[in-house]
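What follows is a single structure, written as structure tokens, with notes after it.
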Amino acid sequence: MKRTYKLLHAYIDGAGTVYIVATGHSNKYWLRGKGYTVMPTLKKKREGYLHYSYTASLANKHLICKKQTAGGSGMGLEITPLGDRALVLHSGGEGAGTDGWREMAALAERIGQKTSAWAIDIVPAYDTVTVLYDPSALIRLAKREQKAPTAGGDRAGEKELLPFQIAELLIRKIASETRKRASDSETLRIVEVPVVYGGECGPDLAEASERAGLSTEAFIRLHSEAEYTVAMLGFMPGFPYLSGLPAQLEQPRKASPRSAVPEGSVGIAGIQTGIYPMETPGGWQLIGRTSLKLFDFDREQPALLKAGDLVKFVRVERLGQDEHDTSKYCRLRTE
142 MKRTYKLLHA YIDGAGTVYI VATGHSNKYW LRGKGYTVMP TLKKKREGYL HYSYTASLAN
202 KHLICKKQTA GGSGMGLEIT PLGDRALVLH SGGEGAGTDG WREMAALAER IGQKTSAWAI
262 DIVPAYDTVT VLYDPSALIR LAKREQKAPT AGGDRAGEKE LLPFQIAELL IRKIASETRK
322 RASDSETLRI VEVPVVYGGE CGPDLAEASE RAGLSTEAFI RLHSEAEYTV AMLGFMPGFP
382 YLSGLPAQLE QPRKASPRSA VPEGSVGIAG IQTGIYPMET PGGWQLIGRT SLKLFDFDRE
442 QPALLKAGDL VKFVRVERLG QDEHDTSKYC RLRTE
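Using the working numbering, the first residue of the sequence shown is number 142, and each one after it goes up by one.
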């Protein structure tokens with residue numbers, strides 16, 4: 142019997158065209174593409190369709206798919222390929238807010254501890270974690286295992302998996318373990334950052350205070366009393382994007398960025414506050430400065446802060462010398 146197909150979606154890139162189609166007779170789903178392996182069929186789910194994100198490689202004629210239900214995000218951890226040597230973990234809509242950032246940061250740290258044999262780098266962001274991996278190391282790892290992880294529970298000798306599929310299964314296992322650990326008490330690191338507010342150290346403080354309808358003292362008090370969470374590091378090595386800024390202190394970026402922002406400057410842009418680890422051009426509103434070295438190649442861990450850390454700003458009257466030994470400013474808290 143001749144099958145008729147209804148085109149649901151087409152994906153076109155340099156590797157060719159791949160189609161997601163539904164058969165007219167069985168209401169099943171087929172993934173078909175010129176020169177590609179036909180993937181297993183999938184049944185219709187209630188009133189919606191199962192949607193897919195995927196990458197394709199004409200060289201090895203594989204189609205790598207990641208299922209996502211018609212409801213969109215918010216359905217749990219999603220893992221998608223990023224080229225052939227990386228993957229991205231998405232929080233599935235659960236990453237918004239401080240708790241979500243901490244959860245993704247904890248997952249990133251756990252992945253870093255468990256994947257040294259094959260992971261090259263772990264990059265946590267707001268609601269994603271990117272894992273760069275060595276495909277050859279993953280294949281060797283799978284071959285060493287008596288029973289390697291497989292898509293359908295098959296033994297390694299019965300079904301060969303792609304590096305992305307091996308990495309996904311290993312990471313899902315780590316994620317499951319991380320969720321179980323989350324129910325236990327959590328130990329958080331708090332870093333107290335000494336800051337000189339205003340004057341030469343914070344040239345935008347007066348203007349920012351006026352914009353917020355506050356006195357400079359009230360502005361400083363609100364900023365230093367808040368507790369912040371490191372949502373991610375970005376822009377430059379060691380630069381922390383801190384969530385938790387009181388809404389009243391929200392500020393626009395400067396219309397014209399400075400050509401040189403001094404190292405250690407504390408700034409505000411939008412609903413975030415941050416600290417410049419080294420001199421660089423920048424457009425944040427500068428309200429203070431710290432002498433802490435946020436990034437130092439001579440330390441075992443060059444970046445002082447990492448995603449998930451807590452930060453408290455402590456007002457001081459004068460800057461000290463550049464402080465490389467930051468241990469006295471760090472403490473742990475169990476929740």
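Note that the Cβ used here is the ideal one computed from N, Cα and C, for glycine as well.
If you're wondering where the values come from, they're calculated on a predicted model, not measured in any experiment.
Chain-order list of residues whose beta-carbon lies under 8 Å from that of L228 (same chain, five-residue window excluded): I220, T221, P222, T271, V272, Y274, F305, A308, E309 and I312
Starting from T221, follow the beta strand (DSSP E) in both directions and report where the run begins and ends. E219 to P222
Euclidean distance between Cα positions of P418 and L433: 9 Å
Excluding sequence positions up to five away, which residues of its chain have a Cβ less than 8 Å from the Cβ of E458? V337
Where does S468 sit, in a helix, a strand or coil, going by DSSP? helix
Are the beta-carbon atoms of P422 and S400 separated by less than 8 Å? yes
Cutoff 7 Å; reference T319; Cβ partners in own chain excluding five residues on either side: A247, L248 and R251
Exposed or buried, A388, counting other C-beta atoms within 10 Å across all chains shown (16 or more means buried)? exposed
Given L218 as reference, the closest of I263, I315 and E333 once Cα atoms are compared: Distances from the CA of L218 to each of I263, I315 and E333 were compared; the closest alpha carbon is that of I315.
Closer than 8 Å is the cut-off here; do at least three beta carbon pairs connect the stretch 424-439 with the stretch 348-365? yes
Runs of beta strand (DSSP E) lying entirely within the stretch 363-416, each at least 3 residues, in chain order: Annotation: the stretch 363-416 contains the following complete segments of the beta strand (DSSP E) (minimum length 3 residues), in chain order: 369-374, 381-384, 399-402, 406-410 and 413-416.
Nearest CA to the CA of I361: which residue from L346, G411, T370 and Y369? Of the listed residues, the one whose Cα sits closest to I361 is L346.
Does the separation of the CB atoms of H364 and L390 fall below 8 Å? yes
Rounded to a whole number of angstroms, what is the C-alpha to C-alpha distance between Q413 and D225? Rounded to the nearest angstrom, the two C-alpha atoms are 34 Å apart.
Can you find the residues in the same chain that come closer than 8 Å, C-beta to C-beta, to R394, ignoring five residues on each side of it along the sequence? A410, G411, G424, W425 and Q426
Using DSSP with H/G/I as helix, E/B as strand and the rest coil, what is R281? helix
Chain-order list of residues whose beta-carbon lies under 6 Å from that of S406 (same chain, five-residue window excluded): Beyond the five residues adjoining it in sequence on each side, S406 comes within less than 6 Å, by CB distance, of Y417, L427 and R430 in the same chain, given in chain order.
Work out the CA separation of K284 and I331 for me, nearest whole Å. 42 Å
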